[in-house]
Structures are given as C-alpha cells and as structure tokens.
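Below: one structure, written as structure tokens.
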Amino acid sequence: MRPILLVGSTDAMARRIHAVLGEGVRERLRLWTQPIAETGGIDAVLWTRPAVVVLGPGLVDKVLLRLAQAIDAADTDVEVVVAHSGGVDTDAALAAGVRGLLVKTSDDDTIRATIGRALVAAERHAAGETMAPPRQTAVSSGKVTTVLSPKGGAGKTVLSTNLAVGLASVAPRGVVLVDLDLQFGDVAYALGLKPRHTIYDAVAGAGPLDITTLKVFLTHHASDLYVLCAPDEPHRGEMVSVEVVQQIITLLASEFDHVVVDTAAGLSEHTLATLDLSTDVVFLADMDVPSVRHLNKVIRAFDRLGMKKAKRHFLLNRADARVGLSMLQVATQAGLAVDLEIPLSKQVPVTLNEGVPIILSDPKCPVSRKVWELVERLTDSHVSPARQPLKRSA
Ligand SMILES: Nc1ncnc2c1ncn2[C@@H]1O[C@H](COP(=O)(O)OP(=O)(O)OP(=O)(O)O)[C@@H](O)[C@H]1O
Ligand SMILES: [Mg+2]
Numbered sequence: 002m003r004p005i006l007l008v009g010s011t012d013a014m015a016r017r018i019h020a021v022l023g024e025g026v027r028e029r030l031r032l033w034t035q036p037i038a039e040t041g042g043i044d045a046v047l048w049t050r051p052a053v054v055v056l057g058p059g060l061v062d063k064v065l066l067r068l069a070q071a072i073d074a075a076d077t078d079v080e081v082v083v084a085h086s087g088g089v090d091t092d093a094a095l096a097a098g099v100r101g102l103l104v105k106t107s108d109d110d111t112i113r114a115t116i117g118r119a120l121v122a123a124e125r126h127a128a129g130e131t132m133a134p135p136r137q138t139a140v141s142s143g144k145v146t147t148v149l150s151p152k153g154g155a156g157k158t159v160l161s162t163n164l165a166v167g168l169a170s171v172a173p174r175g176v177v178l179v180d181l182d183l184q185f186g187d188v189a190y191a192l193g194l195k196p197r198h199t200i201y202d203a204v205a206g207a208g209p210l211d212i213t214t215l216k217v218f219l220t221h222h223a224s225d226l227y228v229l230c231a232p233d234e235p236h237r238g239e240m241v242s243v244e245v246v247q248q249i250i251t252l253l254a255s256e257f258d259h260v261v262v263d264t265a266a267g268l269s270e271h272t273l274a275t276l277d278l279s280t281d282v283v284f285l286a287d288m289d290v291p292s293v294r295h296l297n298k299v300i301r302a303f304d305r306l307g308m309k310k311a312k313r314h315f316l317l318n319r320a321d322a323r324v325g326l327s328m329l330q331v332a333t334q335a336g337l338a339v340d341l342e343i344p345l346s347k348q349v350p351v352t353l354n355e356g357v358p359i360i361l362s363d364p365k366c367p368v369s370r371k372v373w374e375l376v377e378r379l380t381d382s383h384v385s386p387a388r389q390p391l392k393r394s395a
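Using this note's numbering, read the sequence shown as starting at 2 and increasing by one per residue.
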C-alpha cells in the first residue's frame, strides 16, 4: 500500500494526524525525517511512491508551495496536502496543484476529511479514474449546483438566490438552497427570510443526522423553495465541519431534485468538499480581465486536480458595454468560453435590500432573462417567459 508521507511536519501535527485517522488509514502514515528545505529533496520523497504527501507545518510557508509545485511538475499521481501557518493563499495553493489545506486550528473532522479525500483522489488517479465514485455520489440523485468565484462580491448570493427561485418554479418543493458562506452568509437576507433554524442546528443536535431531522432545519420561502440558512453568528459557522457539510449535501441531494449551494468568497475547504459532490459548477467573474484571468487559473487548477466530473458554466456578471470590453474580448484574453453574460442593473442592489429576488419582482427584465437561461441549462427544459411566474412577494 502506498504511504501517506508527512514531510516537514511538527511533532504536534504528526501526533494529531495520527490520532484522528481511522485505523486502516493510520497504518499508512510515515514520517519523513531527512532534510527537505529545497525542492531537490523532493525526488527522494517521490522515490518512496507515496499516495499522499502532507507538507508542513514545520517549513516556511513559501517553501511549502515551492515543494508542492515541484511535486505537481513531476506529474505523478501523488496528492499533496499543505499544512501551513496561515501564509498560504488558497488560490495559489490550488494553482500549485494542492488538494487540501490544513492550518493549526483545523479541527479533527477537517484533518480526517482532507487527508481522506486526498487519499481517495490519489487512488482514483492511480487506477486511471476507473474506481467507483465515492459513496456519497452514488446515492445522490438530485443535481448539486455550486456557485463560486475566487473573489468576493462577484454576485454569488444574488445569482444563487435568483437561480434557486427560478428552479423552484420548474420543480416546486423540489429545490433547496444551502448558504455555505458559514461566517457571513446573507441568503436569508436576500430572500427576506427570518429563519428559526440554521445549518448550525444540524451540527449542534445530538445523534446522527438523517434527512427527516435535516428537513426540520430548512426554512420555507414563498416561491416554494427550501433554504438551509447560514448561522446567525460567525463563530457558530466555525463549528460546522467539512465532514458534516458533505453529509448534509449528500442527504439533501438524495431528497431534492436540485441543491443549489451559495459559497463564501474564495475556495474554502467546505467549498472544495462540496465541489467533490457537485454535478454542476457555476463560475462567476466580474467583467474585468484580471478577475476572469484569476478564475481561469482556478479552473486550470481544477483540471490538474482531476475535478472534471461537474459540468461547468462560466458566467460574467455586471456585464456593461461601457467598461470598454466586449464579452468576446474578455473571453479571448482569459482563454475561456463565456456561457452567459448577466447585465449590470441598478435594480439588483434594490431587490437585494428589499429581500425580493429580481426574478420575482421583475421576471422579464434583462437580468432575470439570463437567470432563466441558466435555469434552462440546468433543467434541460425551455422556460418560456409566458410560463415564468408572475410577481410574487417573498
Ligand atoms: N448584475 C448586477 N448588477 C448590479 N449590481 C449587482 C449585480 N450583481 C450583483 N450586484 C451587487 O453586487 C453586490 C455583491 O453581490 P453579492 O452579495 O451577490 O456578491 P457575493 O459574491 O455573494 O459577495 P460575497 O463574496 O461577499 O458573498 C451587491 O450589492 C449586489 O447588489
Ligand atoms: Mg455572498
């Protein structure tokens, strides 16, 4: 069995990893004790044919990424997890081919899930992707659509709330929106909801989580959409582990036709875990070249990490001819094909403040029409403007 190699670890981290891993996985742990400060040492590490290399946190953060890049460049089926001291940027890590990130404060569940996922990915690579998909994916039946952007404020919450409401008009009571912006999620605000329960209740409850219990924590929206809201206090969000998020998404996908996931800015461990379960990913970028280029880097990193299962939809938000860039120019410069262009609209911030998605308050305006197009892409159906719902209050 190929080992899990701890390279440049600290005693404390090595002990924690050893303690949290299950028995079958724990026996694959090996500690690399030779010096590894520079990338030359990586060849010796790779000679041991590891499945997963956990780099750090006993090395300088800058060195960690250089080592990760060296492993990535060697083009092996080794997966890398980086344990750092807070100085490693998630996007840069993804671009260096890193599969997961750990920090000092990562809880036991996160450590177990991050190394576990890396191990599964390494084995899938080694088997040429022929292994069965993870169990969660096999039991899921509904579509899981994750909305993400590397940068904050790109319009994820506006898009995911409107998209979920649009999907609910095609599949009433068959859609659930999950607010995975666990610290500062504002889906409830955008939908004018005052939730009695949040995702925190799913974590705080005693006993194993099942779909019946989970449904109690959902909030019903007037558009016949269900919402799993983010905790009302940021510190409660920190208590929601990656493993629980995976469990929640899996349970919801087994019950609902569509699970739409709004994410926090950037690529948190929770977002990465959700991406593993997603059938569709909506990449959102602002209408400027750096923003799109940034996104392009992330998409390439996804390719390198083998995250190719989900169907990708690339959207430009706040598209406005006045910025002097055409969609074609942006796409060409970024090397990406744009699927949809959502126009800039003064109505959008107003609807956000009123808590009524624009797709409800003005279903035929240019922004709403683009959201309907996305609904069609995700449902393989035609939603003619005439069949689209009339103005409704939330
Ligand atoms: N097409 C648009 N036209 C005009 N304003 C928009 C548009 N899309 C989003 N906005 C505005 O941009 C701001 C950010 O939108 P939103 O909160 O959806 O972004 P986000 O990606 O969820 O941000 P965060 O990363 O902080 O969660 C809001 O004020 C919203 O009203
Ligand atoms: Mg948001």
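Built from N, CA and C at the ideal position, the CB exists for glycine as well.
Simplified DSSP state of residue i, which is helix, strand or coil
i, result
"Leu22", "coil"
"Gly9", "coil"
"Ile200", "helix"
"Thr380", "helix"
"Thr352", "helix"
"Arg294", "helix"
"His222", "strand"
"Ile37", "coil"
"Ala84", "strand"
"Lys309", "coil"
"Asp1", "Any answer about residue 1 is impossible in this case: the structure gives the chain only from 2 up to 395."
"Leu273", "helix"
"Gly153", "coil"
"Val357", "coil"
"Arg31", "strand"
"Gly42", "helix"
"Pro51", "coil"
"Leu103", "strand"
"Glu234", "coil"
"Leu210", "coil"
"Arg118", "helix"
"Asp110", "helix"
"Thr77", "coil"
"Gln247", "helix"
"Asp92", "helix"
"Ala15", "helix"
Residues bridged to residue i [DSSP beta-bridge criterion]
i, result
"Leu178", "Val228, Val261"
"Arg318", "First, the amino acid is wrong: residue 318 is Asn here, not Arg. Asp287."
"Thr147", "Val262, Val282"
"Leu341", "Leu316"
"Leu56", "Val8, Val83"
Residue i at chain D interface by Cβ criterion, 8 Å
i, result
"Gln348", "The chain labelled as chain D is not found in the depicted structure, where only one protein chain is given."
Buried/exposed call for residue i, threshold 16 Cβ in 10 Å
i, result
"Ala205", "exposed"
"Ala20", "exposed"
"Thr213", "exposed"
"His295", "buried"
"Lys105", "exposed"
"Glu342", "buried"
"Thr49", "exposed"
"Met2", "exposed"
"Ala74", "exposed"
"Ser142", "exposed"
"Asp381", "exposed"
"Val140", "With a pLDDT of only 44 at Val140, under 50, the local geometry of the prediction cannot be trusted, and no value is derived from it."
Whole-Å CB distance - residue i paired with residue j, under 8 Å assumed
i, j, result
"Pro344", "Thr352", "Not a contact, Cβ separation roughly 14 Å."
"Val246", "Leu178", "Not really, about 14 Å apart at Cβ, beyond 8 Å."
"Leu149", "Lys157", "7 Å"
"Leu276", "Val283", "That belief does not hold up - the Cβ atoms of Leu276 and Val283 are roughly 11 Å apart, past 8 Å."
"Arg119", "Gly101", "The sequence as given places Ala at residue 119; Arg does not occur at that position. The pair is a contact, with the Cβ atoms about 6 Å apart (cut-off 8 Å)."
"Val82", "Pro51", "Between Pro51 and Val82 the Cβ distance is about 11 Å, and since that is not below 8 Å, they are no contact."
"Gly356", "Tyr190", "6 Å"
Alpha carbon of residue i to alpha carbon of residue j, nearest angstrom
i, j, result
"Met240", "Ile112", "14 Å"
"Leu66", "Asp363", "48 Å"
"Met308", "Ala69", "18 Å"
"Gly7", "Arg16", "It is Leu, not Gly, that sits at residue 7 in the sequence shown. Using only the alpha carbons, I get a separation of about 11 Å."
"Pro209", "Thr251", "14 Å"
"Gln184", "Glu270", "13 Å"
"Leu160", "Val54", "37 Å"
"Val243", "Val261", "17 Å"
"Ala254", "Gln35", "46 Å"
"Val176", "Ala165", "7 Å"
"Ser279", "Lys195", "28 Å"
"Ala1", "Lys216", "The requested residue 1 is not part of the displayed model; the chain covers only 2 to 395."
"Thr147", "His236", "23 Å"
"Leu56", "Ala265", "26 Å"
"His259", "Gly117", "27 Å"
"Glu377", "Asp12", "53 Å"
"Gln348", "Asp321", "14 Å"
"Asp109", "Thr115", "10 Å"
"Ala155", "Gly25", "42 Å"
"Ala96", "Ala127", "21 Å"
Cβ-heavy atom distance, residue i to ligand 3, below 7 Å
i, result
"Ser150", "Ligands in the displayed structure: ligand 1 and ligand 2; ligand 3 is not one of them."
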